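*Asks:* Structure in C-alpha cells, see below.
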Ligand code: PEP
Ligand code: MG
C-alpha cells in the first residue's frame, strides 16, 4: 500500500519559535503520535520500539513461534507507520529494540531468557540484535517495507553500541535486509563512554547521526545506577565528565558532517540546552510536555550567542 504524496498531507505544525537547532519530541508509544505532533516539534528524535514489542505480552522469539514471522513484522510496521504518517515529512528516528532481559522475563516465553545479575550491563540493545540476527531481521524487514511504502522520513537508530565493529555489523545486516545505508539516515545512540570515545571510527563507518542517550551515558560514565534511589543524588547528567564526552563527540561529528542529537531526559534541562546549543548540537529531543519550554530555551540561547558574536 502506497502512502499519499506529500502535497496532500495537511499541515499540522502550529506556530512555534524559529530556531536553527531543531527541537524534536520523544515518543514511547505510537498512540501518543498525535499529541506529539501537536507540539510542533521538528520531528521525532526517539521512537522507542519497546512498547510495540512488549505490548505483545510474549517475548519476540515466543511471539514469532506462536503467531508467525509475518505477524511480528506487521506489529512493528504498524507501530512505526502510525507515527511516520502523523509526522510526514518530518523525520522519525526509530530505535531498534532495546529491552533488558528482566523486562522480558515477565512475559510468556520469559522463562527462556538468560538470568543476569546486571541486566542493564547485559543482553540488550544492539548486543542482543547482533547475537540473534534471525530475530533482528524482522525489525529490519519492517523498515524495508516502510521505505517501500514511501515513508522516507523514517530513520534507523541502533542502541547501546560500543564501537565501529558494532556499527559495521549492524550496517551489514541492514544491507542484507535490503536497506541501502547510502540512501537512508541511520545512526547510533551514544550511551556508553566507549561509544563516545569511538565516534571517529563510527563516523567513518558511515553513520549520518549520533544521538546522546544521557540516561545511560550518565549511569555508565559515573557508575551510578539510574534506578537506584540510594545513589540518585549522584546521578548528574551535567557532571563535567559526561559533558566532556558529549562535547568532544559533537566536535568530532561536526568535523565529519554527522548530525548530533540528544534524546535522554537531560535534553529538557535548561543548563543542558545551554551547553548543547553552545557546542553546536543539531537537534534536541524532549518529552511531549517539555517540547515547548525547550523550544523557547533554545531560542533564548541562540539569540544570546548571536548577540555575543557581534559584540
Ligand atoms: C537513554 O539512555 O538516555 C535513552 C534515551 O534510552 P532509554 O532511556 O530508553 O535507555
Ligand atoms: Mg538508553
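In full-length UniProt numbering, the protein residues as written are 470 to 780. Beta carbons: idealized from backbone N, C-alpha and C, even for Gly. Since the structure is predicted, the reported quantities are computational estimates derived from the model, not experimental observations.
(1) What is the rounded straight-line gap between the Cα of residue 641 and the Cα of residue 632?
(2) Among residues of its own chain, excluding the 5 on either side of residue 516, which ones have a beta-carbon nearer than 6 Å to its beta-carbon?
(3) Hey, would you say residue 700 sits closer than 8 Å to residue 693, going by beta carbons?
(4) Report buried or exposed for residue 671, applying the criterion of at least 16 other Cβ atoms within 10 angstroms of its Cβ.
(5) Jot down the residue ranges of each uninterrupted beta strand (DSSP E) in the region 631 to 673, minimum 3 residues, whole runs only, in chain order.
(6) Per DSSP, residue 515 forms a beta bridge with which residues?
(7) Exposed or buried, residue 652, counting other C-beta atoms within 10 Å across all chains shown (16 or more means buried)?
(8) Specify, as a first and last residue, the run of the beta strand (DSSP E) that residue 731 falls within.
(9) Do residue 654 and residue 677 have their CB atoms nearer than 8 Å?
(10) Would you check whether the ligand PEP has a heavy atom nearer than 7 Å to the C-beta of residue 631?
(11) Grab the span of the beta strand (DSSP E) containing residue 757 for me, first residue to last.
(12) By Cβ distance, which residues of its chain are closer than 7 Å to residue 498, with the 5 residues on each side in sequence left out?
(13) Within 8 Å, do at least three Cβ pairs link the region 615 to 629 to the region 539 to 559?
(14) Do you know how far the Cα of residue 593 is from the Cα of residue 570?
(15) Taking 7 Å as the cut-off, does the CB of residue 428 come closer than this to any heavy atom belonging to the ligand MG?
*Replies:* Considering the structure as presented:
(1) For this step, residue 641 is matched to residue 172 along the chain shown. For this step, residue 632 is matched to residue 163 along the chain shown. If you take the alpha carbons of residue 641 and residue 632, they lie about 15 Å apart.
(2) Position 47 of the chain shown, counted from the first residue, corresponds to residue 516. If you ignore the 5 residues before and after residue 516, its C-beta comes within less than 6 Å of the C-beta of 496, 552, 561 and 563, all in its own chain and listed in chain order.
(3) Within the chain shown, the letter at position 231 stands for residue 700. Within the chain shown, the letter at position 224 stands for residue 693. Yes, the pair counts as a contact, with Cβ atoms nearer than the cut-off.
(4) Walking along the chain shown from the start, residue 671 turns up at place 202. Counting Cβ neighbours within 10 Å, residue 671 comes out buried, since at least 16 surround it.
(5) DSSP assignment within the region 631 to 673 yields the following whole beta strand (DSSP E) runs of 3 residues or more, N-terminal first: 655 to 659.
(6) As a working note, residue 515 is residue 46 in the chain shown. Per DSSP, the beta-bridge partners of residue 515 are 495.
(7) Numbered from 1 along the chain shown, position 183 holds the residue referred to as residue 652. By the 16-neighbour rule on beta-carbons within 10 angstroms, residue 652 is exposed.
(8) As a working mapping, residue 731 is identified with position 262 in the chain shown. Following the DSSP letters along the chain, one finds residue 731 inside the beta strand (DSSP E) bounded by residues 728 to 731.
(9) One-based indexing of the chain shown puts residue 654 at position 185. One-based indexing of the chain shown puts residue 677 at position 208. Taking the C-beta atoms as reference points, residue 677 is found nearer than 8 Å to residue 654.
(10) Here residue 631 refers to the residue found at position 162 when the chain shown is read from its first residue. Because no heavy atom of the ligand PEP lies under 7 Å away, the Cβ of residue 631 does not count as near it: no.
(11) Your numbering for residue 757 matches position 288 in the chain shown. Segment: none, residue 757 is in no beta strand (DSSP E) and carries neither H nor E.
(12) What you label residue 498 is simply residue 29 of the chain shown in a count that begins at 1. Exclusion of the five residues before and after residue 498 leaves 520 as the residues of its chain whose Cβ lies within less than 7 Å of its Cβ.
(13) Yes: at least three Cβ pairs fall under 8 Å.
(14) Counting from one through the chain shown, the residue named residue 570 turns up at place 101. Counting from one through the chain shown, the residue named residue 593 turns up at place 124. Approximately 7 Å, taken between the alpha carbons.
(15) Here the chain comprises residues numbered 470 to 780, so residue 428 is not present and cannot be evaluated.
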